[in-house]
Amino acid sequence: MDLTAFKDPQLAKGLVESIRSFAPEGREVTLMEVCGTHTVSIARNGIRSLMPDSVKLSSGPGCPVCVTSNHDIDKVIALARVPGVIITTFGDMTRVPGSTSSLLAEQANGADVRIVYSPLDALRIAQESPDAQVVFVGVGFETTTPLVAMAIKRAADAGLENFSVYAAHKNMPGALEAIVNDPQLKVDALILPGHVSTIIGAEPYRFLAQRYGIPGVITGFEPNDMLQGIAMIMRQIAEGRADVEIAYSRGVMQEGNPTALAAIEEVFRTVPANWRGIGEIPGSGYEIRDKFAAFDAMKRFAPQVEETVEHAGCRCGDVLRGIITPADCPLFRKVCTPENPIGPCMVSSEGACAAYYRYY
Numbered sequence: 219m220d221l222t223a224f225k226d227p228q229l230a231k232g233l234v235e236s237i238r239s240f241a242p243e244g245r246e247v248t249l250m251e252v253c254g255t256h257t258v259s260i261a262r263n264g265i266r267s268l269m270p271d272s273v274k275l276s277s278g279p280g281c282p283v284c285v286t287s288n289h290d291i292d293k294v295i296a297l298a299r300v301p302g303v304i305i306t307t308f309g310d311m312t313r314v315p316g317s318t319s320s321l322l323a324e325q326a327n328g329a330d331v332r333i334v335y336s337p338l339d340a341l342r343i344a345q346e347s348p349d350a351q352v353v354f355v356g357v358g359f360e361t362t363t364p365l366v367a368m369a370i371k372r373a374a375d376a377g378l379e380n381f382s383v384y385a386a387h388k389n390m391p392g393a394l395e396a397i398v399n400d401p402q403l404k405v406d407a408l409i410l411p412g413h414v415s416t417i418i419g420a421e422p423y424r425f426l427a428q429r430y431g432i433p434g435v436i437t438g439f440e441p442n443d444m445l446q447g448i449a450m451i452m453r454q455i456a457e458g459r460a461d462v463e464i465a466y467s468r469g470v471m472q473e474g475n476p477t478a479l480a481a482i483e484e485v486f487r488t489v490p491a492n493w494r495g496i497g498e499i500p501g502s503g504y505e506i507r508d509k510f511a512a513f514d515a516m517k518r519f520a521p522q523v524e525e526t527v528e529h530a531g532c533r534c535g536d537v538l539r540g541i542i543t544p545a546d547c548p549l550f551r552k553v554c555t556p557e558n559p560i561g562p563c564m565v566s567s568e569g570a571c572a573a574y575y576r577y578y
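The sequence shown begins at 219 in the numbering used here and counts up by one.
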């Protein structure tokens, strides 16, 4: 697909003018993007600097590595310490600090930790290493959850007894409800995630408009995608209406992806989940169903997990809630840097702190 139009400067200029024409006078409106890739796109393309004074862009809990709690990281570290276990995970996860260690530190101490690009890579390692136990660390929103579900189904069909998953997946709508109900926040509208929405569609967000009067637009990731989404939101605000609209029709259908949703439903059930900085949100996590319990790494190994300790001074949780910007954290650029990350918001390429460090 030719994406030239989505970077066209003349089109961008027109969209910025449209945003300015809809901007309210005498009051400020806050639009929160809840996708880590959107956070990076906004920073990289200087979109904040194009906004009128009355329009504030705020980053939310859209980075799956960032919202993974310290306790979840500690559980993964405990699994890495089990003799004969190979931990497979995405690259960012290896550097996220738990209470006292990280997967990278455990690897330096002799643990077998391998970076993979898909859960199917982990499945292949299990097939090639019959004498080892391979654990895939499953983090992410609805975008990655179907792939993990398919890997578990394939392992079950193949009778593979040395593959299991630590499931720390989360779903986005529950977190958004927590955000709009946060008394410390004032969110007027939501820039809704593109990747997640290719799976779940638009309907799961509809309650935000109907119950809370919060407008939302699902948009893509190119500069003009972002500007178009913001312009559509500003039009809703100017017209005094709240709806969930799609500005990313080349990637998102109203009903989502039925095949992917069916895979999630077959393998996982929704449970409460602990989000860094937000706490426990009902129905916002996934747990492996009893039918596939043999592939649940925590049930298989039941490792001893150390007591969870939060990092003093790190305000990653407040960044994820949109309470502060990364620059407001006392550790930002001083103690916490990409070379020495204290919190996951600086580790992940989609983290708000990493984006601010690189682009502002």
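Here a beta-carbon is modelled for each residue, glycine too, at the ideal position from N, C-alpha and C.
Residues of its chain near residue i, where Cβ-Cβ distance is below 6 angstroms and the 5 sequence neighbours each way are ignored
{"i": "Pro270", "result": "Arg238, Ala241"}
{"i": "Gly474", "result": "Ile417, Ile418, Gly419"}
{"i": "Asp406", "result": "Val247, Thr248"}
{"i": "Ile265", "result": "Met444"}
{"i": "Gln472", "result": "Gly419, Ala420"}
{"i": "Leu229", "result": "Asn442"}
Cβ-based neighbour list, residue i, same chain, cut-off 8 angstroms, excluding 5 preceding and 5 following
{"i": "Ala261", "result": "Ala573, Tyr574, Arg576, Tyr577, Tyr578"}
{"i": "Ala427", "result": "Pro433, Gly434, Ala460, Asp461, Val462"}
{"i": "Lys274", "result": "Glu246, Val247, Thr248, Leu249"}
{"i": "Gly431", "result": "Ala460"}
Whole-angstrom distance between residue j and residue i, CA atom to CA atom
{"i": "Met311", "j": "Arg429", "result": "36 angstroms"}
{"i": "Met516", "j": "Phe486", "result": "15 angstroms"}
{"i": "Val352", "j": "Ala511", "result": "15 angstroms"}
{"i": "Lys293", "j": "Met368", "result": "23 angstroms"}
{"i": "Thr477", "j": "Ile397", "result": "29 angstroms"}
{"i": "Val553", "j": "Ser287", "result": "21 angstroms"}
{"i": "Ala440", "j": "Leu341", "result": "For the sequence presented, residue 440 should be read as Glu rather than Ala. In a straight line, the C-alpha of Glu440 is about 33 angstroms away from that of Leu341."}
{"i": "Ala298", "j": "Ala545", "result": "34 angstroms"}
{"i": "Glu379", "j": "Phe354", "result": "14 angstroms"}
{"i": "Glu346", "j": "Asp339", "result": "11 angstroms"}
{"i": "Gly540", "j": "Gln402", "result": "9 angstroms"}
{"i": "Leu233", "j": "Asn263", "result": "14 angstroms"}
{"i": "Ser319", "j": "Gly469", "result": "39 angstroms"}
{"i": "Arg551", "j": "Phe359", "result": "28 angstroms"}
{"i": "Gly302", "j": "Gly497", "result": "33 angstroms"}
C-beta contact flag for residue i and residue j at 8 angstroms
{"i": "Arg245", "j": "Ser272", "result": "yes"}
{"i": "Ala491", "j": "Ile482", "result": "no"}
{"i": "Leu322", "j": "Arg332", "result": "no"}
{"i": "Gly356", "j": "Val366", "result": "yes"}
{"i": "Ile542", "j": "Leu249", "result": "no"}
{"i": "Ile370", "j": "Phe513", "result": "yes"}
{"i": "Ile409", "j": "Thr437", "result": "yes"}
{"i": "Leu538", "j": "Gly501", "result": "no"}
{"i": "Pro559", "j": "Pro315", "result": "yes"}
{"i": "Phe590", "j": "Asn442", "result": "A query on residue 590 cannot be resolved here, the shown segment of the chain reaching from 219 to 578 and no further."}
{"i": "Met444", "j": "Ser236", "result": "no"}
{"i": "Thr488", "j": "His413", "result": "no"}
{"i": "Gly531", "j": "Pro556", "result": "no"}
{"i": "Ala393", "j": "Trp493", "result": "yes"}
{"i": "Ala329", "j": "Pro521", "result": "no"}
{"i": "Ser317", "j": "Glu524", "result": "yes"}
Same chain, Cβ closer than 7 angstroms to residue i, neighbours up to 5 away in sequence not counted
{"i": "Ser336", "result": "Leu365"}
{"i": "Glu528", "result": "Asn288"}
{"i": "Leu424", "result": "Note that residue 424 is Arg in the sequence shown here, rather than Leu. Cβ neighbours of Arg424 beyond the five flanking positions: Val462."}
{"i": "Arg533", "result": "Ile542, Cys547"}
{"i": "Arg453", "result": "Phe240"}
Subject >> Any alpha helix (DSSP H) of 4 or more consecutive residues that is wholly inside the stretch 464 to 521 >> reply: 476 to 485, 515 to 519
Subject >> Secondary structure, alpha helix (DSSP H): runs of 4+ residues fully inside the stretch 295 to 346 >> reply: 321 to 326, 337 to 346
Original post:
Touch check for the stretch 245 to 264 and the stretch 459 to 479: three-plus C-beta pairs under 8 angstroms?
Top reply: no
**OP:** Evaluate contact between the stretch 418 to 437 and the stretch 385 to 399, counting only Cβ atoms and requiring at least three cross-stretch pairs below 8 angstroms.
**Re:** yes
**OP:** Report yes or no: do the stretch 368 to 385 and the stretch 500 to 515 share at least 3 C-beta pairs separated by less than 8 angstroms?
**Re:** yes
**OP:** Flag this pair as touching only if the stretch 546 to 566 and the stretch 277 to 284 have three or more C-beta atom pairs under 8 angstroms; answer yes or no.
**Re:** yes
Subject >> Continuous alpha helix (DSSP H) assignments of at least 4 residues falling wholly in the stretch 519 to 577 >> reply: 534 to 538, 562 to 565, 570 to 577
**OP:** Pick out the complete beta strand (DSSP E) segments inside the stretch 370 to 429, 3 residues or longer, and give them in chain order.
**Re:** 381 to 387, 407 to 410
Original post:
Which parts of the stretch 245 to 295 are runs of the alpha helix (DSSP H), unbroken and 4 residues or longer, counting only runs that do not cross its ends?
Top reply: 254 to 262, 282 to 285
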